[in-house]
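Let me begin by presenting the structure, written as structure tokens, before commenting on it.
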Amino acid sequence: MPELPEVETTRRTIAPHVVGRRIEGVAVYDPRLRWPVPASLPRQLQGQSIAAVDRRSKYLLFRLGAQTLVFHFGMTGSLRVLRTPSPPAAHDHVDVALDDGAILRYHDPRRFGAMLLLPEPVAEHWLLAALGPEPFDRSFDGAYLWRALRSRTAAIKLALMDNRVVVGVGNIYASEALFRAGIRPAVSARRVSRARIGRLVDAVREVLAAAIDSGGSTLRDYVDGGGRPGEAQLRHFVYGREGLPCRICSAPIRMRRLGARASFYCPVCQT
DNA sequence: ATGGGCACCTGGCTGC
DNA sequence: TGCAGCCAGGTGCCCA
């Protein structure tokens with residue numbers, strides 16, 4: 091599901107509806123997520139006001155003051171704002187009712203997602219504490235990535251998807267960024283030259299920024315805070331395009347598995 | 001510390 | 001039409 095662009099698009103589409111609002115009540119229809127939604131959560135959330143909606147990695151953070159309501163969407167999670175109430179459907183897990191009548195509804199068929207209420211500073215919670223830099227942060231540059239990868243023997247694509255190296259890059263955008271940088275996904279990370287690592291930093295930023303501009307990628311489940319699908323999947327150069335002609339050189343796109351994840355590349359544009 | 005593989009769960013698609 | 005098998009955007013955890 092959601093990689094950084096999808097979580098960020100959700101954040102942007104939801105924030106105008108929820109910032110400054112007070113939580114009237116919470117209904118949990120099915121607490122079975124990656125970690126069970128605590129029975130005490132509705133009582134703890136009731137009456138709290140949402141000061142801001144932030145994102146860290148693929149986590150969405152609703153700042154409540156002393157606590158933060160944290161969502162992770164796993165593979166199939168989505169969060170949307172309902173302006174007019176409707177009865178919960180299959181896989182709708184939680185409704186958060188706001189003081190203006192809007193409903194924040196969490197939907198997650200595969201239930202790999204999470205909903206947690208954590209004390210501030212939430213950045214120090216073990217789930218977030220070991221995360222690497224944000225891709226748009228200044229600290230994520232060629233020098234940093236070179237240092238982070240120079241001793242890593244794993245495939246460059248797997249290293250790029252390692253949250254300790256850089257956050258937010260999942261299976262779609264790892265393939266897309268490596269295509270843009272001209273690097274084959276299976277190459278050992280430490281064997282990629284310093285110059286190409288620099289190009290990869292730019293490629294990661296460009297790919298993620300373009301996907302955010304397109305409202306994220308919708309392969310199956312993803313919708314933004316308004317319930318709308320994204321369009322970034324229409325602009326993928328390699329992901330999901332095995333056998334189709336490369337958009338640059340027309341060579342057939344190839345697929346191979348790395349760490350059990352499908353990885354797509356152009357055998358001509360990437361070396 | 002790093003790497004590899006599995007597990008968690010549901011639904012959609014393919015091929016027999 | 002039915003059904004088994006495979007696959008899917010993530011990541012925590014176990015073992016080498």
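Its first residue numbered 91, the first sequence is counted upward by one per residue in our numbering.
C-beta: ideal position from N, C-alpha, C; glycine also.
- Rounded to whole angstroms, what's the CA-CA distance from E296 to F269? Just pull it up for me. 12 Å
- When you compare only the Cα positions, how much space is there between M49 and S130? Nothing about residue 49 can be reported from this structure: the residues present for the chain run from 91 to 361 only.
- Task: Can you check the stretch 196-279 for any alpha helix (DSSP H) of at least 4 residues that lies completely inside it and give the ranges in chain order?
- Result: 216-219, 232-239, 246-250, 261-271
- Task: Over the uninterrupted beta strand (DSSP E) stretch that includes A352, give me the two end residues.
- Result: 351-355
- Give every residue of the same chain whose Cβ lies closer than 6 Å to the Cβ of T166, excluding the five residues on either side of it in the sequence, and list them in chain order. M91, D198, P199, R200, D311
- Name, in chain order, the residues that DSSP records as bridge partners for R111. Bridge partners of R111: none, in fact.
- Message: Is it the case that the stretch 282-291 contacts the stretch 299-308, given that we only count it when at least three CB pairs across the two stretches are under 8 Å?
- Response: no
- Inter-residue Cα distance where the pair is L248 and V118: 36 Å
- Message: Quick check: the Cα distance between R274 and H183, rounded to an integer number of angstroms?
- Response: 40 Å
- Task: Could you give the DSSP three-state label for Q157: helix, strand or coil?
- Result: strand
- Message: How far does the beta strand (DSSP E) with D189 in it extend, from its first residue to its last?
- Response: D189 -> no beta strand (DSSP E), and no H or E assigned at all.
- Message: So, with DSSP's three-state summary, where would you put D120?
- Response: coil
- Query: Taking one C-beta from the stretch 339-359 and one from the stretch 125-144 each time, how about it: are there three or more such pairs within less than 8 Å?
  - Reply: no
- Among I104, A299, G320, A156, which has the Cα closest to the Cα of L188? I104
- Using DSSP bridges, identify the partner residues of I193. L172, A187
- Identify, in the order they occur along the chain, each residue of the same chain with its Cβ nearer than 8 Å to the Cβ of A204, setting aside the five sequence neighbours on each side. L123, R124, W125, V160, F161, H162, G164
- Task: Please classify L309: does DSSP put it in a helix, a strand, or coil?
- Result: coil
- Item | Strand pairing of R295, partner residues [DSSP] | Answer is none; R295 lacks a bridge partner.
- Task: Report the three-state DSSP secondary structure of R318 (helix, strand or coil).
- Result: coil
- Item | For G181, the nearest candidate out of V171, R111, Y196 (CA to CA) | Reading the sequence as shown, one finds His at residue 181 and not Gly. The candidate whose alpha carbon is nearest that of H181 is Y196.
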